[in-house]
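Be aware that the sequence shown starts at 5, since it is given in my numbering, and climbs by one per residue. No residue lacks a Cβ here, since even glycine has one placed at the ideal position from N, Cα and C. Quick notes on the structure that follows.
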Amino acid sequence: MSATLASLRIRNLALVEDITWEPRPGFTAITGETGAGKSVLIGALTLLLGERADKTLIRTGADTCAVEAVFDHAADAALAALLEEHGTEPCEDGRLLIKRTLPAEGTGRQFVNGSPCTLTLLRALGDLLVDLHGPHDHQSLFSREQQTCLLDRFAANDALRAQFAEARRTLLRLQEEKTAILTGEQAAARELDLLTHQVSEIDTAALQPGEEETLLSRQRAAANFQRIGELCAQLTAGVTEDEASLTTRLSDLTRLARELARLDPSSEMIATSCEATFAAADDLARAVQSYATARDNGPANLAEIESRLDTLQTLNRKYGPTLKDVLTFHAEAADKLAALRQRTTRRDTLDADIAAAGKSLRELGAKLTIRRQTSAKKLAEKVRDGLKDLGFAKSEFSITLEPLTDPAPHGFETSEFQFSPNPGEATRPLRAIASSGEISRVMLALKSALADQDDVPVLIFDEIDANVGGEIAAKVGQKMRDLGRSRQVLCITHLPQVAAAAATQFVVSKEVKDGRTRTLLEETKAGSREDEIARMLGGKTDSALAHARELLKERKR
């Protein structure tokens, strides 16, 4: 037995003041008078597993309602992965604890294994743990999409179906990409031409960082070429060429200082200083000469410099305002240009990618179709066998596959469940069946056929056996009992034959105490179970009690 609901505690929900329910594994029946509050049990579970909260259900006079549940044997790998994904504490000793509180004012809170969690996690846990079928839930069987899901579950197509869905997303993305490229092709061509011109114009200029400042300095020098020449000539003459030049005077002074040092060695420092000053003057002379020789060729260079500055200023006006900004613009434009060129290249390769993606989709879709065709026959046969057990001795059930014009996320076809309850009548789609009793039995036959493939451990049936009676009711009960061998089955029922087939039975009742009505829940034991079955049969008469005992004996056979 996989995970089971070990306990459910409900406080201040509708007519429930405080109830703790401990259902057992296998098939459990919940019975009681109409209006006693049986549906509160189901409502509490749906609330616990993430359904929308209705604060009007909070018990009158209470500030908060709360629902808590413990699931035993909750050691499934998918469950552990889900808890880890949401950062929730793992199950300890295979026990999963879920709690949800709903205050009359403010926001409710929910917890899993003591950790606060989101409603999204509660809903995901519900999908893994509980499969609920109410009196109107069989409407989902009318959906072709749901029918296809059931067929795929039977065929173990989950992985293949996921691969197909991913392949379809890939193909659609590639087709959208191609459409976007084709739609924006003219605009892209214009942008490509503009960016090509802009990048080429800046490339041709061969800009260098700091170039503008250097040129402005050279411009000033070239504009003052004549005066600079005069100053260089005067400096050269004053340092080396005149009779009274600096080097001539320093040469004489150095000679005098050297003679002084010969006469008085203590004056050596003076001679050394004179020689150093002479050497510095000589360096000065060479520096002036080097500068005068290396400087630009006057007005001719000025025209060249001003032409280059004009180029830079034009680029600054277009892409600046500064040379640094121009270089930044160039880098960004070059990146855009590369992306556009890549886009053009992408357009040329996109058709091949689309063809490959389409081929992959067709291959996966063909595999799905073949597996569905094979499994449709097997599932239909199992459902027919199940329907025979439920009173449709000569009914007909089949599954057709209808091709789709365009591939859907689930494949190239959709399923249509066809049913005929009576011999000689043509099969019709399930949605064309008016009898809720018939559709309820079809659903039960489907659940039985899918029992081996369905991993959900807890099945809950809320009065889906409505409009069924007599011998058929006994067969419905037996079918649920069979399901209870591999699942925990909880069934709210008004049928004594179904209740008698259960391994355990709980009775929901109401009592008035101190002017307040409250719902009670109690497990039936021996005689009390006979009394409850008799009540369901019409009253605690001797014949009803005898019939109840017979039904319970039948369960033990």
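Cross-strand partners of residue i (DSSP beta bridge)
| i | result |
| --- | --- |
| L101 | V74 |
| V462 | V134, Q492 |
| A412 | G415 |
| Q509 | A33 |
| F401 | F423 |
| C69 | L106 |
| P407 | E417 |
| I62 | L17 |
| E96 | R99 |
Nearest candidate by alpha-carbon position, reference residue i, set the options
| i | options | result |
| --- | --- | --- |
| Q501 | Q509, A478, S513, R489 | A478 |
| L239 | E279, V512, Y295 | Y295 |
| V74 | K42, G112, D135, T8 | T8 |
| A566 | G130, P120, G110 | In the structure displayed, the chain extends from 5 to 561; residue 566 sits before or after that span and is not available. |
| E554 | L175, E527, R520, A504 | A504 |
| T523 | A33, L45, A10 | L45 |
| Q167 | S221, D357, K371, F421 | K371 |
| G118 | A506, V20, E72 | E72 |
| A563 | F421, P411, Q377, P425 | Nothing can be reported for residue 563: it is not among the residues displayed for the chain, which extend from 5 to 561. |
| V511 | T38, G481, A18 | T38 |
| A237 | L220, D268, Q293, S255 | Q293 |
| D76 | T122, L100, E181 | L100 |
| E395 | I403, L368, V20, L448 | Glu is not the amino acid found at residue 395; the sequence shown has Gly there. The residue with the shortest Cα to Cα distance from G395 is L448. |
| P427 | E400, K451, A506 | E400 |
| R63 | I34, G41, N16 | N16 |
| I468 | I34, A10, S11 | I34 |
| E215 | A380, L86, I102, T326 | T326 |
| L199 | T218, E336, A307 | E336 |
| Q150 | L186, L450, D207, P27 | L450 |
Cβ neighbours of residue i in the same chain (closer than 6 Å, five flanking residues each side left out)
| i | result |
| --- | --- |
| M5 | Unreliable placement is indicated for M5, whose pLDDT of 45 sits below 50; the coordinate value is still reported in the next sentence. So the qualifying residues of the chain are P29. |
| H551 | L541 |
| T152 | H414, T418, S419 |
| K386 | A453 |
| V493 | F31, L463, M484, L487 |
| R533 | Q509 |
| A18 | V44, L61 |
| V20 | I14, V44, T523 |
| K103 | E72, F115 |
| E527 | F510 |
Where residue i falls: helix, strand or coil (DSSP)
| i | result |
| --- | --- |
| H551 | helix |
| P269 | helix |
| E55 | coil |
| R491 | coil |
| N161 | coil |
| P500 | helix |
| Q422 | strand |
| L129 | helix |
| A453 | helix |
| S444 | helix |
| A10 | strand |
| R432 | strand |
| K514 | strand |
| Q114 | strand |
| I309 | helix |
| L106 | strand |
| D339 | helix |
| S221 | helix |
| L155 | helix |
| S119 | strand |
| G39 | coil |
| R28 | coil |
| E216 | helix |
| T545 | coil |
Own chain, CB closer than 7 Å to residue i, minus 5 neighbours either side, in chain order
| i | result |
| --- | --- |
| S490 | A455 |
| K59 | L106, A108 |
| A361 | A171, T174, L175, L178 |
| T404 | E420, Q422 |
| E195 | L344 |
| D357 | L178 |
First through last residue of the beta strand (DSSP E) which encompasses residue i
| i | result |
| --- | --- |
| G36 | 31-36 |
| V243 | No beta strand (DSSP E) contains V243, which DSSP labels as neither H nor E. |
| T523 | 520-527 |
| T24 | 20-25 |
Spatial neighbours of residue i in its chain, beta-carbon cut-off 8 Å, leaving aside the 5 residues before and after
| i | result |
| --- | --- |
| D329 | N320, Y323 |
| R375 | A159, N161, L164 |
| I443 | H142, L145, L434, I437 |
| A265 | S271, E272, I274, A275 |
First and last residue of the uninterrupted alpha helix (DSSP H) at residue i
| i | result |
| --- | --- |
| L541 | 530-541 |
| A81 | 81-89 |
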